[in-house]
Amino acid sequence: MANTEDRRTLGTGADAPPEGEHTVAASTSGPAPAVTRAAAILELLAHQRRPVGLGELARTLDLPKSSAANVCLALEAAGLLWRTDAGFTLGRKTVELGGAYLSGMDQVQEFYELCSRSVRISAETARVAVLDGLDVLYLARFDGRQPLRLTANIGDRFPATCTATGKALLARLPVDALDDRLAGKLALPTLTDRSISDPAAFRLEMARVREQGHAVDDEETTPGVFCLAVTAAGRRTDATMLAVSVTVLAARLTDELRDELLAELVVLAATMGTSLLPEG
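Quick look at the structure:
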């Protein structure tokens, strides 16, 4: 009877499939299927960034509606989900957990301090990202005196092949590991008409990044926006490599500004890779 009631009271929201390509099924195998299903629901909601009804959650993740209802009720009770008339969204507890994760990363705190001390970077928008498959996930964002509002925020996920941070991180992979990630890809995601869609052309781009030691996003993620990125050694076992980037409007970019930003970015990344901050 409880499951019947759950299906009746939680079946809110649109029945259309969610936008994008996030259509993985929640596995019922493993030692804790309920945990696996809960993680899949949280990940789906993080990708959608809109309320999602129970029926849509169950259908997208290939779950029985009653099972999805039970998991959602448990997540809601824990504060990890919030229920609205339109469906479920992430709850406030996820913010606390994300904040706790980031507060444990000393390098994120160092990043903000180093950005504020940099002559050129302190005027721009800078970010820290980690690689996740063929995506990058942004962990930190510094807004300088000329912040750009139309760029990635903390928690945003972008195709790594379009971004300077993603290119920098992918170029640090062994060639065979990169080939594994690109295996079977006939075309890569594109965000603008300048994004690289051909895997063969992207491999050539990776060779250029390795040779020059930094990566560039020349309006490949957002029209009119230019980004430089380099890698920094991570000091956590779950983030062995980070990427730091600085972003400017392409219309403002000069050769001199580019060279100065890149020089500061290299120093910033090298300092993040140690446990020492420069004296201020």
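Residues 118 to 397, numbered by my numbering, are exactly what the sequence shown covers, in order.
C-beta atoms are modelled at their ideal positions from N, C-alpha and C, and glycine is treated no differently.
If you check the beta carbons only, do residue i and residue j fall under 7 Å apart?
{"i": "Cys232", "j": "Ala281", "result": "no"}
{"i": "Leu305", "j": "Thr338", "result": "no"}
{"i": "Glu336", "j": "Ala367", "result": "yes"}
{"i": "Leu197", "j": "Leu162", "result": "no"}
{"i": "Thr361", "j": "Leu378", "result": "Looking at the sequence provided, one finds Val at residue 361 rather than Thr. Their beta carbons are not under 7 Å apart, which means Val361 does not touch Leu378 by this criterion."}
{"i": "Thr348", "j": "Met358", "result": "yes"}
{"i": "Met389", "j": "Gln224", "result": "yes"}
{"i": "Pro150", "j": "Thr201", "result": "no"}
{"i": "Ala332", "j": "Ala346", "result": "yes"}
{"i": "Glu328", "j": "Ser235", "result": "no"}
Closest to residue i by CA distance: which of the options is it?
{"i": "Thr309", "options": "Phe275, Gly330 and Ala300", "result": "Phe275"}
{"i": "Arg298", "options": "Arg311, Val365, Leu178 and Pro316", "result": "Pro316"}
{"i": "Val245", "options": "Val236, Glu373 and Thr268", "result": "Thr268"}
{"i": "Val365", "options": "Leu265, Leu303, Leu248 and Ala203", "result": "Leu265"}
{"i": "Arg369", "options": "Gly341, Arg320, Ala350 and Val384", "result": "Gly341"}
{"i": "Gly422", "options": "Asp249, Thr307, Phe228 and Asp252", "result": "No information on residue 422 is available, as it lies outside the stretch 118 to 397 that the chain covers here."}
{"i": "Trp199", "options": "Gly170, Pro181 and Lys182", "result": "Gly170"}
{"i": "Gly330", "options": "Val383, Ile313 and Thr307", "result": "Val383"}
Decide if residue i is buried, meaning its Cβ has at least 16 other Cβ atoms within 10 Å, or exposed.
{"i": "Gln165", "result": "buried"}
{"i": "Val326", "result": "buried"}
{"i": "Ala387", "result": "exposed"}
{"i": "Leu385", "result": "buried"}
{"i": "Val292", "result": "exposed"}
{"i": "Leu303", "result": "exposed"}
{"i": "Ala175", "result": "buried"}
{"i": "Leu283", "result": "Contrary to the premise, residue 283 reads as Gly rather than Leu in this sequence. By the neighbour-count rule (16 or more Cβ atoms within 10 Å), Gly283 is buried."}
{"i": "Asp376", "result": "exposed"}
{"i": "Glu173", "result": "buried"}
Quick check: is any heavy atom of the ligand ATP less than 6 Å from the C-beta of residue i?
{"i": "Ala332", "result": "Absence of the ligand ATP from the depicted structure is noted, as is the absence of any ligand whatsoever, leaving it without description."}
- Evaluate contact between the segment 256-264 and the segment 284-296, counting only Cβ atoms and requiring at least three cross-stretch pairs below 8 Å. Counting Cβ pairs under 8 Å, fewer than three are found: no touch.
- Query: Using 8 Å as the threshold, is the segment 153-170 in touch with the segment 181-191, meaning 3 or more CB pairs across them?
  - Reply: The segment 153-170 makes contact with the segment 181-191, as at least three CB pairs between them are under 8 Å.
- Item | Length at least 4, wholly inside the segment 277-342: the alpha helix (DSSP H) runs in chain order | Entirely contained in the segment 277-342, the alpha helix (DSSP H) runs reaching 4 residues are, in chain order, 281-288, 292-299 and 316-329.
- Query: Does the count of Cβ pairs from the segment 194-214 and the segment 232-243 closer than 8 Å reach three?
  - Reply: Counting C-beta pairs closer than 8 Å gives fewer than three between the segment 194-214 and the segment 232-243, which falls short of the contact rule.
- What are the complete alpha helix (DSSP H) segments, minimum 4 residues, inside the segment 146-217? As far as the segment 146-217 is concerned, its whole alpha helix (DSSP H) runs of at least 4 residues are 150-165, 171-177 and 182-194.
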